[in-house]
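Engineer:
Numbering (the numbering used here), first residue to last: 226 to 780.
(1) Within 8 Å, do at least three Cβ pairs link the segment 641-652 to the segment 437-444?
(2) Within 10 Å of its beta-carbon, does residue 713 have 16 or more other beta-carbons around it, so buried, or fewer, so exposed?
(3) According to the Cβ coordinates, are residue 505 and residue 488 closer than 7 Å?
(4) Could you check whether residue 510 and residue 553 sit closer than 7 Å to each other, using their CB atoms as the reference points?
(5) Should the segment 491-500 be called in touch with the segment 662-674, which here means at least 3 C-beta pairs below 8 Å?
(6) Using the Cβ count rule (16 or more neighbours within 10 Å means buried), how would you classify residue 778?
(7) Which residues does DSSP list as the beta-bridge partners of residue 607?
(8) Residues in its own chain within less than 7 Å of residue 528 by CB, not counting five upstream and five downstream?
(9) Among 410, 538, 393, whose alpha-carbon lies nearest the alpha-carbon of residue 248?
(10) If you reduce the DSSP assignment to three classes, tell me which class residue 636 lands in.
(11) Suppose contacts are defined by Cβ-Cβ distances below 7 Å. Is residue 455 in contact with residue 483 by that definition?
(12) Looking at C-alpha atoms only, which residue of 421, 711, 535, 770 is the closest neighbour of residue 729?
(13) Do the CB positions of residue 624 and residue 556 come within less than 7 Å of each other?
(14) Following the continuous beta strand (DSSP E) through residue 456, name the residue where it begins and the one where it ends.
(15) Identify every residue that forms a DSSP beta bridge with residue 417.
(16) Are there three or more Cβ pairs, one per stretch, closer than 8 Å when the segment 461-479 is compared with the segment 409-426?
(17) Going by DSSP, what residues sit across from residue 434 in a beta bridge?
(18) When burial is assigned at 16 or more other CB atoms within 10 Å of the CB, is residue 656 buried or exposed?
(19) Would you call the CB atoms of residue 463 and residue 619 closer than 7 Å?
(20) Which first and last residues belong to the beta strand (DSSP E) in which residue 747 is found?
(21) With distance defined between alpha-carbon atoms, name the residue in 561, 351, 551 nearest to residue 617.
(22) Take residue 390 as the anchor and find which of 413, 403, 404, 356 has the nearest alpha-carbon.
(23) If you draw a straight line from the C-alpha of residue 512 to the C-alpha of residue 548, how long is it?
(24) So the candidates are 344, 561, 662, 698; which of them puts its Cα closest to the Cα of residue 766?
(25) Give the C-beta separation of residue 634 and residue 603 to the nearest angstrom, bearing in mind that I take them to be a contact with Cβ-Cβ under 8 Å.
(26) Taking just the CA atoms, how far does residue 755 sit from residue 271?
(27) Cα separation between residue 345 and residue 739?
(28) Are the CB atoms of residue 518 and residue 537 within a distance shorter than 7 Å?
(29) When you compare each of 753, 704, 690 to residue 764 by their alpha carbons, which one comes out closest?
(30) Would you mind reading off the limits of the beta strand (DSSP E) that contains residue 673?
(31) So what does residue 724 bridge to, in DSSP terms?
(32) For residue 663, which beta-bridge partners are listed by DSSP?
(33) Quick one: what's got a C-beta closer than 8 Å to residue 788's C-beta in the same chain, skipping five residues either side?
(34) Taking residue 726 as the reference, give the member of 241, 401, 693 with the closest Cα.
(35) To the nearest angstrom, how far is it from the Cα of residue 275 to the Cα of residue 254?
(36) With 16 as the cutoff for other CB atoms within 10 Å, does residue 731 come out buried or exposed?
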């Protein structure tokens, strides 16, 4: 009996090991989905490896439950001491089953977006790990009194171990719920500290939002302003409430003062931008575009418009709103009449625009255009080492802010001439082997991909290769937009590598629809497979466009 119980304990440890490792794997998805349980569960169901593992754990539970019932019934019918040989066999099989699941579980070592071990994530992971052990032990403890036969403890271990693994996706949301009072208290503390630090810095806040272009516009505005002012921007794509508060607390904790703080505000649901604005209290707000990006999460374009307009509603009456008048939905925001000072920009001749770009041309070196201040009729020639008409609009928005803050068009032009693209956004590089690489991996939207393909067409290379995983989070229009992407790719590319068969099915249909050569289409599972293929035929002078890299939650 002692041997049986000892082996039962080892069996439980084997199941716990699998559970702990799987929780560590899952927390990355929970973190990427900002600790929102509904989004986290959707991701797990969307990804084939995660869904397959859920089915495997259910199968393991079914097997162990069936064995538990059979042996319980058998033991109840036996008078006297039962034969423990079957129990020993079941324990050995259970250990083997746990080890099999250990090797069959999804792995994270090739993930593009790694787990970020923040203090909150570590607290959450620790709590989930405790639950992984506590719940099976609790079930065993309360069930041990039902003495069907002397060997019930080993079989309970087998049953609860497999049940624990089936429930493993639930442990993180449960741990998050348990830790909510701690996290809410911590959140309020850091937000209060951020308000104090921001106020002490003396910075005027400039907030930006939009479906596309907000990160690029933020970078361009920072580059222009730092030529004359002391300005600070939120780095990379830090655009959530806690991300912004962390930047403030990390950078503004000292006594340094700033003229301007440029904040990028992102959202997945109405209300998120409003909460960001409650923290930073912008004096100037910029809206770049409104489109179907994140439509899957918002549910409708009306909800997206409502969410983006929160950045304008948060302005004081003497604040300044800056709008892209070429986007009809953004223009509609400006036409609501708030605030009193509204600046509009256009490159399509929109009425009442303050800054207008004309004679826009895209060359192999970048964009050239003329900017007119329609209030004074002052004109200024501009050239910038950036590509795409959408970047002209982004730069115009940044110029409108800088011009309002006192910079002349001549001063602005000098800064624009030295602009650099934001990371992974139409970055053109000529490698030592002569191959041209255009990195536009972060432009997973219809406007960005269209501009990227125009840049590819300008290269005039013998071979023009596109690597894409399609566009995501477009909701009901995803298939239509991705098929259109395939058709546009076919017009300029010589070879196409599609990452993810299911995700790129609509892109593939678009390629087929216009008769793109089937032997020049490669469907692969990972970016590593794509690299291995194109390295086999790319030569000096050829161009590679890396378009819309698929995030881990869609891989």
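Beta carbons: idealized from backbone N, C-alpha and C, even for Gly.
No experiment lies behind these values; they were computed from the predicted model shown.
Structural biologist: Concretely, from the data shown:
(1) yes
(2) If you number the chain shown from 1, residue 713 lands on position 488. Residue 713 is buried by the Cβ-count criterion.
(3) Taking the chain shown and counting its residues from 1, one reaches residue 505 at position 280. Taking the chain shown and counting its residues from 1, one reaches residue 488 at position 263. Cβ atoms of residue 505 and residue 488: closer than 7 Å.
(4) For the purposes of this step, residue 553 is taken as residue 328 along the chain shown, with counting starting at 1. For the purposes of this step, residue 510 is taken as residue 285 along the chain shown, with counting starting at 1. Not a contact, by the Cβ cut-off of 7 Å.
(5) no
(6) Residue 778 sits at position 553 when you count from the first residue of the chain shown. Caution applies to residue 778, whose pLDDT of 44 falls short of 50 and renders its modelled position unreliable; the value that the coordinates give is listed next. By the neighbour-count rule (16 or more Cβ atoms within 10 Å), residue 778 is buried.
(7) Locating residue 607 in the chain shown gives position 382, counting from the first residue. DSSP output for residue 607 lists 594 as bridge partner(s).
(8) If you number the chain shown from 1, residue 528 lands on position 303. Result list for residue 528: 495, in chain order.
(9) In the chain shown, residue 248 corresponds to position 23, counting from 1. Closest by alpha carbon: 393.
(10) Taking the chain shown and counting its residues from 1, the one referred to as residue 636 is at position 411. Of the three classes helix, strand and coil, the one that applies to residue 636 here is helix, per DSSP.
(11) Residue numbering aside, residue 455 sits at position 230 when the chain shown is read from its first letter. Residue numbering aside, residue 483 sits at position 258 when the chain shown is read from its first letter. For residue 455 and residue 483, yes; Cβs fall inside 7 Å.
(12) Here the question's residue 729 lines up with position 504 in the chain shown. Taking only the C-alpha atoms, the option nearest residue 729 is 711.
(13) Within the chain shown, numbered from 1, the residue matching residue 624 stands at position 399. Within the chain shown, numbered from 1, the residue matching residue 556 stands at position 331. Their beta carbons are not under 7 Å apart, which means residue 624 does not touch residue 556 by this criterion.
(14) Sequence index remark: in the chain shown, residue 456 carries index 231 (1-based). That run of the beta strand (DSSP E) goes 456-458.
(15) Along the chain shown, read from residue 1 onward, the residue named residue 417 stands at position 192. None, per the DSSP bridge assignment.
(16) yes
(17) Position 209 of the chain shown, counting from 1, holds the residue named residue 434. Paired residue(s): 512.
(18) Reading the chain shown from its first residue, position 431 is the one you call residue 656. By the 10 Å Cβ count, residue 656 comes out exposed.
(19) Residue mapping note: residue 463 aligns to position 238 of the chain shown, counting from 1. Residue mapping note: residue 619 aligns to position 394 of the chain shown, counting from 1. No. Outside cutoff.
(20) The residue given as residue 747 occupies position 522 in the chain shown. Note, residue 747: beta strand (DSSP E), 746-749.
(21) In the chain shown, the residue the question calls residue 617 occupies position 392. Closest by alpha carbon: 551.
(22) The count along the chain shown starts at 1 and reaches residue 390 at position 165. Of the candidates 413, 403, 404, 356, the one whose C-alpha sits nearest the C-alpha of residue 390 is 356.
(23) The residue given as residue 512 occupies position 287 in the chain shown. The residue given as residue 548 occupies position 323 in the chain shown. One C-alpha to the other measures close to 5 Å.
(24) Mapped onto the chain shown, residue 766 falls at position 541. When each option's Cα is compared against that of residue 766, the closest is 662.
(25) For the purposes of this step, residue 634 is identified with residue 409 of the chain shown, where counting begins at 1. For the purposes of this step, residue 603 is identified with residue 378 of the chain shown, where counting begins at 1. That belief holds up - the Cβ atoms of residue 634 and residue 603 are roughly 6 Å apart, short of 8 Å.
(26) Walking along the chain shown from the start, residue 271 turns up at place 46. Walking along the chain shown from the start, residue 755 turns up at place 530. Cα-Cα distance, rounded: 22 Å.
(27) By 1-based counting over the chain shown, the position of residue 345 is 120. By 1-based counting over the chain shown, the position of residue 739 is 514. The alpha-carbon atoms of residue 345 and residue 739 are separated by roughly 50 Å.
(28) Counting from 1 along the chain shown, the entry for residue 537 is found at position 312. Counting from 1 along the chain shown, the entry for residue 518 is found at position 293. Taking 7 Å as the Cβ cut-off, residue 537 and residue 518 do not qualify as a contacting pair.
(29) Indexing the chain shown from 1 puts residue 764 at position 539. With distances taken between Cα atoms, residue 764 lies closest to 690.
(30) The residue labelled residue 673 in the question sits at position 448 within the chain shown. Careful: residue 673 lies outside any beta strand (DSSP E), inside the alpha helix (DSSP H) at 671-683.
(31) Locating residue 724 in the chain shown gives position 499, counting from the first residue. DSSP lists 749 as partners of residue 724.
(32) Translated into positions along the chain shown, residue 663 becomes position 438. Residue 663 pairs with 653, 770.
(33) There is no way to answer for residue 788, as the model of the chain reaches only from 226 to 780.
(34) Working through the chain shown from its first residue, we reach residue 726 at position 501. The option with the nearest alpha carbon to residue 726 is 693.
(35) Your numbering for residue 275 matches position 50 in the chain shown. Your numbering for residue 254 matches position 29 in the chain shown. Approximately 11 Å between the Cα atoms of the pair.
(36) On the chain shown, position 506 is the one that residue 731 refers to. With 16 or more Cβ atoms within 10 Å of its Cβ, residue 731 is classed as buried.
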